[in-house]
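So for the sequence shown, my numbering puts the first residue at 552; every next one is plus one. Ideal Cβ placement from N, Cα and C applies to all residues, glycine included.
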Amino acid sequence: MERFAKYAPPYQHTVKRLDPDLPSVEDERVVKFYFPDSQDQISPGYDFINDEYPYHRVRQRDDLYAHQAVSPAPYDGILVSKAIVDGTVNGAGKYAGKYTTGQRDRLYRDGVSQFFGLPDTMRSLGDCGAFNYIDQEYPPYSIDEVLDFYYKCGFDSGISIDHVIFGYKPDLPEEDADPAWVKRREISLDLAEKFIKAVKSRNKMMPEGKKRLEPVGAAQGWSPDSYADSVSRLQEMGYKRIALGGMVPLKTPEIIACLERISDVRQDDVEFHLLGITRVDSMERFVKFHVTSFDSTSAFRQAFMDERNNYHTADRSYMAIRVPQVDGNLALKRLILAGVVSQSEAIKAERECLKLLRRYDADDGVEVQEVMDALRAYQSLLGDEKKLKKVEKYEATLADRPWRRCPCDLCRQHKIEMVIFRGTERNKRRGFHNMTVLEAKMRKLPLT
Numbered sequence: 552m553e554r555f556a557k558y559a560p561p562y563q564h565t566v567k568r569l570d571p572d573l574p575s576v577e578d579e580r581v582v583k584f585y586f587p588d589s590q591d592q593i594s595p596g597y598d599f600i601n602d603e604y605p606y607h608r609v610r611q612r613d614d615l616y617a618h619q620a621v622s623p624a625p626y627d628g629i630l631v632s633k634a635i636v637d638g639t640v641n642g643a644g645k646y647a648g649k650y651t652t653g654q655r656d657r658l659y660r661d662g663v664s665q666f667f668g669l670p671d672t673m674r675s676l677g678d679c680g681a682f683n684y685i686d687q688e689y690p691p692y693s694i695d696e697v698l699d700f701y702y703k704c705g706f707d708s709g710i711s712i713d714h715v716i717f718g719y720k721p722d723l724p725e726e727d728a729d730p731a732w733v734k735r736r737e738i739s740l741d742l743a744e745k746f747i748k749a750v751k752s753r754n755k756m757m758p759e760g761k762k763r764l765e766p767v768g769a770a771q772g773w774s775p776d777s778y779a780d781s782v783s784r785l786q787e788m789g790y791k792r793i794a795l796g797g798m799v800p801l802k803t804p805e806i807i808a809c810l811e812r813i814s815d816v817r818q819d820d821v822e823f824h825l826l827g828i829t830r831v832d833s834m835e836r837f838v839k840f841h842v843t844s845f846d847s848t849s850a851f852r853q854a855f856m857d858e859r860n861n862y863h864t865a866d867r868s869y870m871a872i873r874v875p876q877v878d879g880n881l882a883l884k885r886l887i888l889a890g891v892v893s894q895s896e897a898i899k900a901e902r903e904c905l906k907l908l909r910r911y912d913a914d915d916g917v918e919v920q921e922v923m924d925a926l927r928a929y930q931s932l933l934g935d936e937k938k939l940k941k942v943e944k945y946e947a948t949l950a951d952r953p954w955r956r957c958p959c960d961l962c963r964q965h966k967i968e969m970v971i972f973r974g975t976e977r978n979k980r981r982g983f984h985n986m987t988v989l990e991a992k993m994r995k996l997p998l999t
């Protein structure tokens with residue numbers, strides 16, 4: 552995907568790898584967005600009227616990822632974590648990950664491009680999923696285990712094994728820092744050195760014409776100085792691309808402070824990836840410090856995790872309209888079983904809300920207030936005063952009808968269903984929609 556090519560700043564030139572054992576990167580140095588995989592897909596055959604899947608549907612195989620569901624694809628690449636695929640071992644035993652055994656076997660057999668149905672222009676990035684083992688003293692994977700994952704799955708790039716640092720103290724020198732922080736940074740750097748040596752060794756053994764892995768060094772720190780030192784040492788090891796980790800909790804000025812300090816030690820041909828960071832409003836500033844890629848699930852997850860900003864547009868965000876499924880909402884089920892709520896009344900109220908929402912969207916003689924009254928009545932059955940007050944926020948969503956102005960494939964197809972907070976199929980479609988809004992915003996940035 553040629554995102555932002557017309558805006559590419561002068562320093563964003565094609566990079567030639569000088570090390571013969573590292574792959575050459577011939578694509579444009581444009582800002583690229585990677586979407587972290589968590590097996591988030593939608594079923595194209597889902598029946599919204601009856602809330603049913605096709606009887607013949609096979610999960611994952613028959614479902615669509617965001618890049619298959621909307622056009623243009625809302626990201627430039629996909630990030631896949633070993634912890635999500637293979638799981639990890641923690642104090643409570645083995646964490647199984649999010650892949651079934653069959654899915655995992657197919658990923659290893661078919662490779663990341665075929666498994667995800669990636670177009671030729673879309674890149675793949677592997678990492679270890681450090682947040683999944685953040686409570687452990689040492690990362691649970693060996694260098695060989697991680698490289699087996701990267702090479703067998705055919706990733707374009709792979710991030711070295713790292714260990715997340717828990718805090719940020721901008722003025723704290725290493726001698727005064729928490730020993731656990733110092734140890735985690737040293738663990739990350741030690742593993743990074745072993746990682747790049749192992750990558751070079753494996754790349755040498757790759758047959759002519761076979762894809763070589765681009766090693767990406769993971770930098771951890773607790774301050775601008777410690778991050779800069781990590782970057783400096785990774786550069787000495789031979790890394791030309793460095794992922795800056797542990798910055799998700801940081802405020803934007805703190806990230807900028809780290810990038811400014813890192814720029815003092817950066818070598819001319821080194822580029823940076825921000826792990827878990829979007830922040831479109833600050834992306835122009837990030838790019839000036841040679842950030843050329845980032846990954847985040849924020850826009851997607853806000854569709855169903857945020858209290859207010861569920862449906863994004865170019866100008867603002869709207870609250871999605873909650874219509875709980877009587878047979879799928881645990882809180883409502885408990886009230887019904889306790890005899891507090893009549894099941895028949897709940898089903899009647901649920902159906903009335905959905906009927907009026909669809910009639911309102913179809914301009915079938917239903918006004919906003921009639922829909923609002925039905926939504927209030929249904930929410931009143933649940934007995935949650937806090938959520939009942941939030942119903943008033945739905946009026947703006949209904950009155951503005953933002954789905955009608957959206958050009959994305961999903962909004963054109965599903966209309967008002969896109970703003971209904973109900974079940975994974977609607978919620979994930981709304982998440983995919985949010986990513987199309989992010990993609991459009993990124994495309995319009997004057998990255999000069």
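Report yes if the C-beta distance between residue i and residue j is below 7 Å; otherwise report no.
{"i": "Ile710", "j": "Phe667", "result": "no"}
{"i": "Arg977", "j": "Glu968", "result": "yes"}
{"i": "Ala897", "j": "Leu926", "result": "no"}
{"i": "Asn683", "j": "Ala634", "result": "yes"}
{"i": "Lys762", "j": "Ile694", "result": "no"}
{"i": "Ile971", "j": "Val874", "result": "yes"}
{"i": "Asp707", "j": "Ser675", "result": "yes"}
{"i": "Met788", "j": "Ile747", "result": "yes"}
{"i": "Tyr929", "j": "Ala900", "result": "yes"}
{"i": "Ile807", "j": "Met798", "result": "no"}
{"i": "Val838", "j": "Val582", "result": "yes"}
{"i": "Gly638", "j": "Gly648", "result": "yes"}
{"i": "Tyr945", "j": "Ile872", "result": "yes"}
{"i": "Val922", "j": "Leu907", "result": "yes"}
{"i": "Leu698", "j": "Ala749", "result": "yes"}
{"i": "Ser833", "j": "Thr803", "result": "yes"}
Excluding five sequence neighbours on each side, which residues of the same chain lie with their C-beta closer than 6 Å to the C-beta of residue i?
{"i": "Thr987", "result": "Val621, Pro625, Cys959"}
{"i": "Val631", "result": "Asp588, Gly677"}
{"i": "Phe700", "result": "Lys633"}
{"i": "Arg792", "result": "Val767, Glu822"}
{"i": "Ser895", "result": "none"}
{"i": "His824", "result": "Ala794, Ser844"}
{"i": "Gly982", "result": "Phe851, Ala854"}
{"i": "Met673", "result": "Gly628"}
{"i": "Gln619", "result": "Gly668"}
{"i": "Gly796", "result": "Asp713, Ala769, Gln771, Leu826"}
{"i": "Phe586", "result": "Tyr626, Ile629"}
Report buried or exposed for residue i, applying the criterion of at least 16 other Cβ atoms within 10 angstroms of its Cβ.
{"i": "Arg735", "result": "buried"}
{"i": "Ala947", "result": "exposed"}
{"i": "His607", "result": "exposed"}
{"i": "Ser847", "result": "buried"}
{"i": "Lys703", "result": "exposed"}
{"i": "Pro800", "result": "exposed"}
{"i": "Arg580", "result": "Caution applies to Arg580, whose pLDDT of 42 falls short of 50 and renders its modelled position unreliable; the value that the coordinates give is listed next. Classification for Arg580: buried."}
{"i": "Gly772", "result": "buried"}
{"i": "Asn754", "result": "buried"}
{"i": "Met993", "result": "buried"}
{"i": "Glu918", "result": "exposed"}
{"i": "Asp656", "result": "exposed"}
{"i": "Gln876", "result": "exposed"}
{"i": "Asn985", "result": "buried"}
{"i": "Ala537", "result": "In the structure as shown, the chain starts at 552 and stops at 999, and residue 537 therefore has no counterpart that could be examined."}
{"i": "Lys995", "result": "exposed"}
{"i": "Arg973", "result": "buried"}
{"i": "Val942", "result": "buried"}
{"i": "Asn880", "result": "buried"}
{"i": "Ala643", "result": "For Ala643, the predicted model reports a pLDDT of 47, less than 50, meaning its position is unreliable; a value from the coordinates is still stated below. Counting Cβ neighbours within 10 Å, Ala643 comes out exposed, since fewer than 16 surround it."}
{"i": "Val842", "result": "buried"}
For residue i, which residues from the same chain have a beta carbon less than 8 Å from its beta carbon, with the 5 sequence-adjacent residues on both sides left out?
{"i": "Arg812", "result": "Pro775, Asp776, Tyr778, Ala779"}
{"i": "Asp722", "result": "Ser774"}
{"i": "Tyr689", "result": "His714, Ile738"}
{"i": "Tyr604", "result": "Ser594, Gly596, Tyr597, Asp598"}
Spatial neighbours of residue i within its chain, please: CB distance less than 7 Å, with the 5 preceding and 5 following residues excluded, ordered by chain position.
{"i": "Gln592", "result": "Gln611, Asp614, Leu615, Tyr616"}
{"i": "Leu740", "result": "Ser781, Arg784"}
{"i": "Pro953", "result": "Tyr862, Thr864, Tyr869"}
{"i": "Tyr659", "result": "Lys703, Cys704"}
{"i": "Arg980", "result": "Ile593, Leu961, His965, Met969"}
State the beta-bridge partners of residue i as determined by DSSP.
{"i": "Ser543", "result": "In this structure the chain extends from 552 to 999, so residue 543 is not present and cannot be described."}
{"i": "Glu765", "result": "Ser708"}
{"i": "His677", "result": "What sits at residue 677 in the sequence shown is Gly, not His. Val631, Gly709, per the DSSP bridge assignment."}
{"i": "Lys583", "result": "Ser844"}
{"i": "Glu822", "result": "Arg792"}
{"i": "Glu603", "result": "Asp598"}
Checklist entry - With a cut-off of 8 Å, do at least 3 Cβ pairs link the segment 860 to 870 to the segment 881 to 896? => result Fewer than three Cβ pairs drawn from the segment 860 to 870 and the segment 881 to 896 lie within less than 8 Å of each other, which leaves the two stretches out of contact.
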